[in-house]
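From first to last, the protein sequence lines stand for chains S and A.
So the first sequence is numbered by numbering that gives the first Met the number 0: it starts at 0 and just counts up by one.
So the second sequence is numbered by numbering that gives the first Met the number 0: it starts at 0 and just counts up by one.
Note that CB positions come from ideal geometry on N, CA and C, so glycine has one too.
Number of protein chains: 2
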Amino acid sequence: MTEDRQSTKSRLLDAAESLFAEKGFENVSIRELAAAAEVNVAAVNYHFQGKENLFHEVILRRFVFQRDRTLAALDDLLAETGGHPGVDQVIGILVRQHMEGALAGPGSTSFLSLMARQMQPGHSHMGGTFFKEMVAPVYGAFSRAIITARPELQQEQVSWIIASVVGQIHHFIMRWQKRQDMESDPESLQIMLRAFPPLDLSLPEYSERVTEHIIRFSTAAIDSMFPEVTP
Amino acid sequence: MTEDRQSTKSRLLDAAESLFAEKGFENVSIRELAAAAEVNVAAVNYHFQGKENLFHEVILRRFVFQRDRTLAALDDLLAETGGHPGVDQVIGILVRQHMEGALAGPGSTSFLSLMARQMQPGHSHMGGTFFKEMVAPVYGAFSRAIITARPELQQEQVSWIIASVVGQIHHFIMRWQKRQDMESDPESLQIMLRAFPPLDLSLPEYSERVTEHIIRFSTAAIDSMFPEVTP
DNA sequence: AAACACATTAAACAGGTGTTTGAATATTGT
DNA sequence: ACAATATTCAAACACCTGTTTAATGTGTTT
């Protein structure tokens, strides 16, 4: 094969990512995967030694990409602000990176779906790699960035703050995904749109409004809990 | 049958709830269910007309219970405070009801696991019942309660606030469940405990600290975004 | 050119899936 | 007590699952 298109392996990875994100690991058969990637069923086992391993490589690829993008964005911010970013700016990066990773672009629709599924009980933990290599570095970088923005904060306080911010992010992303999923059931969709105001917007608008809200809400909380000691 | 114990139907419901919550819908076979409930495999189809329907009845039962408990608690608060609750008290109810429903008691460990799975794409929407009968009423009640606490707030602003609070709640609950799930992998567990401070506590302590934090964080945000106009 | 490792293929494998059947057993109403 | 209904049961059904096999094709190396 000359490479008239992508390699079998990467076609399989791509198809797997979108199918796993859309339907969930258990609801995608190897035959379905093979058909979508236009490869033989045996290719999965030949290239990945099993379905489980294919799943692992899928989330690994996406998470590495997401992690590096996020750390780079944080570095940029620190450079631009001469090492003195505002909390709102740091939180802005945190929110925007997640939102874009989860909702923007083709295939990226999958990031947080995969994340959510990875977090569900029963999934193997990839031998600790996932947490140590993916979550901890990003978490640590944001922790340090917030402390440079507000040196008076204790590390534990920062942990609580990040948790509150990330919780909001995931929730708003989850809402959008559920909204998408409800397109098939117009009745429920109407009720949902009425109950959750910003959901009737387009994706970019929704994303922007949510980002703005989380930043405002969270910085307001921080400012109120730990009043800034500006000269 | 004299009722030497629970009926076949309710034994099946109980076993199904705990197994579905623990392992996920697709990872529980009907034979496994039947064994756990000590009934014949055909009982599932006889009493529930299929596995999917059994799942629906399981979450319906739990959600009705949770909804009624929450609405009652809100009523109690309004009665105790003579119709003038504080925002912190309303949010306190919101947080505590979720935490208890998700983490306390036997079998209740399942509530938010079920919720999370129900929210995942691909699950049928129960014909709109779920959202209209379960989510909307609770959501509306809290919305009204917050407005009585802070009459100057617009309904849309309240929606944003509730979303931020619920997002935090779910996230902290998810963390605890993931912590539980990691008991089997001590290495990852250690890293996680180090990164997420309050996770090394016992469940009641964790629950209390989280509740306290969410209330403080959220009311701080509200107070800062919409300064109280007290006489 | 032959030898070699790598990749792809169709077919088969062993086992598990949700569901249905039809007979046996309880339970209920009269 | 009898008849009618509701429940339980072991066995079978048809199908789908992830994985493996052994043969064939492909490109590279010697």
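DSSP places Met98(A) in the uninterrupted alpha helix (DSSP H) bounded by Val86 to Leu102.
With contacts defined by Cβ atoms closer than 8 angstroms, Val157(S) and Ile168(S) do not form a contacting pair. With respect to the 8 angstroms criterion, Arg10(A) and Glu37(A) are classified as neighbours on the basis of their beta carbons.
In terms of Cβ geometry, Phe19(A) and Phe62(A) do not form a close pair [threshold 8 angstroms].
Taking the beta carbon of Arg215(S) as reference, the chain A residues within 7 angstroms of it are Met224, listed in sequence order.
With contact defined as three or more Cβ pairs closer than 8 angstroms, the segment 181–195 of chain S and the segment 209–224 of chain A are not in contact. By the neighbour-count criterion, in which 16 or more other beta carbons inside 10 Å mark a residue as buried, Tyr45(S) falls on the exposed side. Contact between Leu93(A) and Val43(A) fails: their C-beta atoms lie close to 36 angstroms from each other, not under 8 angstroms. In the structure shown, the three-state DSSP call for Leu200(S) is coil. In this model, Asn52(S) and Gly127(A) are separated by some 37 angstroms (Cα to Cα). 8 angstroms or more divides the Cβ of Glu155(A) from the Cβ of Pro203(S). Contact residues of the segment 186–200 of chain A toward chain S are Glu186, Ser187, Ile190, Met191, Ala194, Phe195 and Pro196 (C-beta to C-beta distance below 7 angstroms). Residue-level contact by beta carbon fails for Ser28(A) and chain S, as no gap is shorter than 8 angstroms. Boundaries of the alpha helix (DSSP H) around Phe171(A): Gln154 to Asp180. Counting only runs of 4+ residues, the alpha helix (DSSP H) found wholly inside the segment 39–64 of chain S occupies 41–47, in chain order.
Here the alpha carbon of Ser223(A) sits roughly 18 angstroms from the alpha carbon of Val89(A).
Cβ contact annotation for Leu188(S) (same chain, cutoff 8 angstroms, sequence separation greater than five): Arg178, Met181 and Glu182, in chain order. Take Ala72(S), set aside five residues on each side of it, and the residues of its chain with a beta-carbon closer than 7 angstroms to its own are Ile92 and Gln96, in chain order. Here Met191(A) is not near Leu200(A), since their CB atoms are 8 angstroms or more apart. Close to Ser17(S), with beta-carbon spacing below 9 angstroms, lies no residue of chain A; the smallest spacing is near 12 angstroms. Taking CB atoms only, Gly100(S) has no neighbour in chain A less than 8 angstroms away.
Against chain S, a Cβ distance below 7 angstroms from His170(A) picks out Ala162, Val165, Gly166 and His169. Taking 8 angstroms as the CB threshold, Glu56(A) stays off the interface with chain S. Counting the other Cβ atoms within 10 Å of the Cβ of Arg30(A) gives fewer than 16, which makes it exposed.
Note on geometry: alpha-carbon atoms of Gly23(S) and Ile58(A) lie some 20 angstroms from one another.
DSSP places Lys131(S) in no alpha helix (DSSP H); its state is neither H nor E. From the listed residues Phe141(A), Gly81(A), Ser17(A) and Ala194(A), the smallest Cα separation to Leu102(A) is found for Ser17(A).
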